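Report on the following structure.
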Amino acid sequence: MAVWKESSKRVEIITNRQGKETTPSVVAFTDKQRLIGEEAINCTGTIVFDVKRLIGRKYNDPELQKDLKYITYSIKDNGKNEPIIEVPYMSVLSAFRPEDISAMLLRRFKEIASDAMGRDVKKAIITVPAYFNDSQRESTKNAGKIAGFDVMRIINEPTAAAIAYGFEQNIVKLYGGSTKIPKIEQMVSQFFGRKPCKSIDPDKAVAFGAALQGASMIGQMQENKVILKDVTAMGLGIEIKDTEMNVVIPRYSPLPSKESRIFVTNQDNQEIARFSVFEGESQKTEENNYLDGFTISGLPRMKKGLVKFKVTFNVDINGMLSVSAVVVEPKAFSDLQGHCNVQTQRERRSDESIEIGRKRIDEMDKADEENRKKSLALQRYKKLIKLYQEKSKTNKKLEEIKEHLQQWWNESYNKIESKELNEQLEYYQSQLNNL
Numbered sequence: 239m240a241v242w243k244e245s246s247k248r249v250e251i252i253t254n255r256q257g258k259e260t261t262p263s264v265v266a267f268t269d270k271q272r273l274i275g276e277e278a279i280n281c282t283g284t285i286v287f288d289v290k291r292l293i294g295r296k297y298n299d300p301e302l303q304k305d306l307k308y309i310t311y312s313i314k315d316n317g318k319n320e321p322i323i324e325v326p327y328m329s330v331l332s333a334f335r336p337e338d339i340s341a342m343l344l345r346r347f348k349e350i351a352s353d354a355m356g357r358d359v360k361k362a363i364i365t366v367p368a369y370f371n372d373s374q375r376e377s378t379k380n381a382g383k384i385a386g387f388d389v390m391r392i393i394n395e396p397t398a399a400a401i402a403y404g405f406e407q408n409i410v411k412l413y414g415g416s417t418k419i420p421k422i423e424q425m426v427s428q429f430f431g432r433k434p435c436k437s438i439d440p441d442k443a444v445a446f447g448a449a450l451q452g453a454s455m456i457g458q459m460q461e462n463k464v465i466l467k468d469v470t471a472m473g474l475g476i477e478i479k480d481t482e483m484n485v486v487i488p489r490y491s492p493l494p495s496k497e498s499r500i501f502v503t504n505q506d507n508q509e510i511a512r513f514s515v516f517e518g519e520s521q522k523t524e525e526n527n528y529l530d531g532f533t534i535s536g537l538p539r540m541k542k543g544l545v546k547f548k549v550t551f552n553v554d555i556n557g558m559l560s561v562s563a564v565v566v567e568p569k570a571f572s573d574l575q576g577h578c579n580v581q582t583q584r585e586r587r588s589d590e591s592i593e594i595g596r597k598r599i600d601e602m603d604k605a606d607e608e609n610r611k612k613s614l615a616l617q618r619y620k621k622l623i624k625l626y627q628e629k630s631k632t633n634k635k636l637e638e639i640k641e642h643l644q645q646w647w648n649e650s651y652n653k654i655e656s657k658e659l660n661e662q663l664e665y666y667q668s669q670l671n672n673l
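Following our numbering, the numbering of the sequence shown begins with 239 at its first residue and continues without gaps.
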């Protein structure tokens, strides 16, 4: 995680609350609390990890089904072919969408960044794996919104790493966990004939580059402005006869990208045309990922090939896709058209749904903070009891007060809030001081 410091005109890698520069993307749930990041690693509760592999996928996605073999927490179909994560939390079985878990992590990062900057951090650049498809990107963006961020851009991790290294064209750069394996580094060195550049810690390169991109977008790097040209992760096209994939925007096309193609009817007297949108690299649509689709009806009854459509694919800077089609021949039917916005039809959550998710996390944050304060009160209580034990050896009155303190604590800890606990502990502390 990194921020751009306007005062010093430089990127700063932020440490988490445990003083570490990298934070595990894990969330743990117990009957009493929720733990995030470093503190969740050794938790005895249910630990949710690798949520990035779930976000934006359908439950029946073959890749998700493979991952289920290695995931130790409960994932179920919510009845809409969407995965939900079930965990016991505060003695209740709770269900979360993958982006809700991601939002919890992002919210924690937001808090850490705000503490480091001394103000509320609202804008963010979020990085994703290069293989992420449209649905995964949109779900990630939703997670950012739920966390309270204004998501400026979704960019690929390799792109962010390239920005971090200053666009040097003649060096080999390493980033990601697997690059720490000595054999991987050796193989890369042999392949390129040179040793990899390690001027930036691979664990930090992506965050460093994302912060630079953010600084560029808000006009803080006019002298060395970053011109970012991200690319599409997969080919985008429509299905034509016999489940054949006709690619309109090829893989690795620069973003934003807009392309149009002319298509024709394939049957005589065809009155309805169906446009099914897919992403993937296979020539067969059945092996690719279906995104969305629409139909145009009321076509003139003519021989096949005489009715023509102009189909336009438009991918914006964040990789979000919209598709439209309009009849161009015969011109008298040019008012016949259709379209779909893949991000709004598939994974985009309504503003109301995002607000509900945000409020739910707010409530959990408050509960976490209250649990933290009660834990501190418990530590204070234990120290106070120890002091009473030491001083009551010579003062019987203190022994009586100590017994009252223990009785009160055992009866009250799970019933009252931390504020009242601390007020009572303050009273017992004053009793000890006065005697």
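Positions of the beta carbon are idealized from the N, C-alpha and C atoms, including for glycine. Nothing here was measured: the structure is a model prediction, and the numbers come from that model.
Limits of the unbroken alpha helix (DSSP H) element including residue i
{"i": "Glu-337", "result": "336-355"}
{"i": "Gln-575", "result": "Premise fails: Gln-575 lies in the beta strand (DSSP E), 575-579, not in any alpha helix (DSSP H)."}
{"i": "Tyr-666", "result": "656-672"}
{"i": "Arg-610", "result": "589-629"}
{"i": "Asp-441", "result": "440-455"}
{"i": "Lys-379", "result": "372-385"}
{"i": "Ile-639", "result": "634-650"}
{"i": "Asp-468", "result": "Segment: none, Asp-468 is in no alpha helix (DSSP H) and carries neither H nor E."}
{"i": "Glu-301", "result": "300-305"}
Length of the line joining the Cα atoms of residue i and residue j
{"i": "Thr-284", "j": "Leu-331", "result": "11 Å"}
{"i": "Val-549", "j": "Phe-501", "result": "7 Å"}
{"i": "Gln-583", "j": "Lys-383", "result": "Any reading at Gln-583 is ruled out, since the residue's pLDDT is 41, under 50, leaving its predicted position unreliable."}
{"i": "Arg-499", "j": "Ala-511", "result": "15 Å"}
{"i": "Asp-388", "j": "Ala-570", "result": "45 Å"}
{"i": "Ser-491", "j": "Asp-589", "result": "31 Å"}
{"i": "Lys-318", "j": "Ser-416", "result": "35 Å"}
{"i": "Phe-513", "j": "Asn-280", "result": "50 Å"}
{"i": "Thr-397", "j": "Thr-470", "result": "12 Å"}
{"i": "Glu-585", "j": "Phe-430", "result": "Summary for Glu-585: the model assigns pLDDT 48, below 50, so the residue's position carries little reliability, and this model does not support an answer."}
{"i": "Pro-494", "j": "Asp-554", "result": "5 Å"}
{"i": "Gly-404", "j": "Ile-456", "result": "18 Å"}
{"i": "Ile-274", "j": "Asp-606", "result": "10 Å"}
{"i": "Leu-474", "j": "Val-410", "result": "30 Å"}
{"i": "Ile-476", "j": "Lys-296", "result": "20 Å"}
{"i": "Thr-378", "j": "Glu-497", "result": "26 Å"}
{"i": "Ala-443", "j": "Ala-402", "result": "6 Å"}
{"i": "Val-426", "j": "Asn-316", "result": "43 Å"}
{"i": "Tyr-651", "j": "Ser-630", "result": "24 Å"}
{"i": "Gln-508", "j": "Ser-535", "result": "9 Å"}
{"i": "Asp-299", "j": "Glu-524", "result": "13 Å"}
Contacts around residue i, its chain only, beta-carbon distance under 6 Å, and the 5 residues preceding and following it disregarded
{"i": "Phe-334", "result": "Ile-323"}
{"i": "Val-545", "result": "Thr-503, Leu-537"}
{"i": "Leu-659", "result": "Ala-615"}
{"i": "Leu-643", "result": "Tyr-666"}
{"i": "Val-566", "result": "Lys-546, Lys-548"}
{"i": "Pro-488", "result": "Gly-473"}
For residue i, the first and last residue of its enclosing beta strand (DSSP E)
{"i": "Ile-323", "result": "321-327"}
{"i": "Asp-388", "result": "388-394"}
{"i": "Thr-533", "result": "527-535"}
{"i": "Asn-423", "result": "Note that residue 423 is Glu in the sequence shown here, rather than Asn. Element bounds for Glu-423: not the beta strand (DSSP E) but the alpha helix (DSSP H), 420-430."}
{"i": "Glu-517", "result": "510-517"}
{"i": "Lys-314", "result": "312-315"}
{"i": "Leu-292", "result": "Note, Leu-292: premise wrong, no beta strand (DSSP E); not H, not E."}
{"i": "Thr-284", "result": "284-286"}
{"i": "Asn-507", "result": "Taken as a continuous stretch (DSSP letters only), Asn-507 belongs to no beta strand (DSSP E), as it is neither H nor E."}
{"i": "Glu-250", "result": "248-251"}
{"i": "Val-410", "result": "Element bounds for Val-410: n/a, residue is neither H nor E."}
{"i": "Ser-560", "result": "559-567"}
Beta-carbon proximity list for residue i, same chain, < 7 Å, skipping 5 on both sides
{"i": "Glu-276", "result": "Asn-254, Gln-256, Lys-258, Thr-261, Pro-262"}
{"i": "Ala-385", "result": "Ala-341, Leu-344, Arg-345, Lys-348"}
{"i": "Glu-250", "result": "Ala-240, Val-241, Lys-243"}
{"i": "Lys-663", "result": "Looking at the sequence provided, one finds Leu at residue 663 rather than Lys. Taken in chain order, the residues that qualify are Ala-615, Arg-618, Tyr-619, Leu-622."}
{"i": "Asp-506", "result": "Lys-541, Lys-542"}
{"i": "Ile-422", "result": "Ser-416"}
{"i": "Lys-479", "result": "Asn-504"}
{"i": "Lys-314", "result": "Ile-322, Glu-324"}
{"i": "Ala-399", "result": "Lys-411, Tyr-413, Ala-443, Val-444, Gly-447"}
{"i": "Glu-637", "result": "Ser-630"}
Close Cβ partners of residue i (< 8 Å) along its chain, the five nearest in sequence each way excluded
{"i": "Ser-352", "result": "Asp-358, Val-359"}
{"i": "Arg-375", "result": "Gly-294, Val-366, Ile-392, Asn-556, Gly-557, Met-558"}
Nearest-angstrom Cβ-Cβ length linking residue i and residue j, presumed shorter than 8 Å
{"i": "Asp-372", "j": "Met-558", "result": "6 Å"}
{"i": "Gln-451", "j": "Ile-363", "result": "5 Å"}
{"i": "Leu-529", "j": "Phe-516", "result": "6 Å"}
{"i": "Lys-624", "j": "Ser-656", "result": "Not a contact, Cβ separation roughly 20 Å."}
{"i": "Gly-531", "j": "Met-472", "result": "Actually they do not touch by this definition, with Cβ atoms about 17 Å apart."}
{"i": "Asn-394", "j": "Ala-368", "result": "4 Å"}
{"i": "Asp-338", "j": "Gly-595", "result": "6 Å"}
{"i": "Gly-526", "j": "Met-483", "result": "This sequence places Asn at residue 526; Gly is not what is there. 6 Å between Cβ atoms; contact."}
Any non-hydrogen atom of the ligand HEM closer than 6 Å to residue i Cβ
{"i": "Arg-391", "result": "Among the components modelled here there is no ligand, and therefore nothing to report on the ligand HEM."}
In chain order, what are the residue ranges of uninterrupted beta strand (DSSP E) at least 3 long that sit wholly in the stretch 476-501?
482-487
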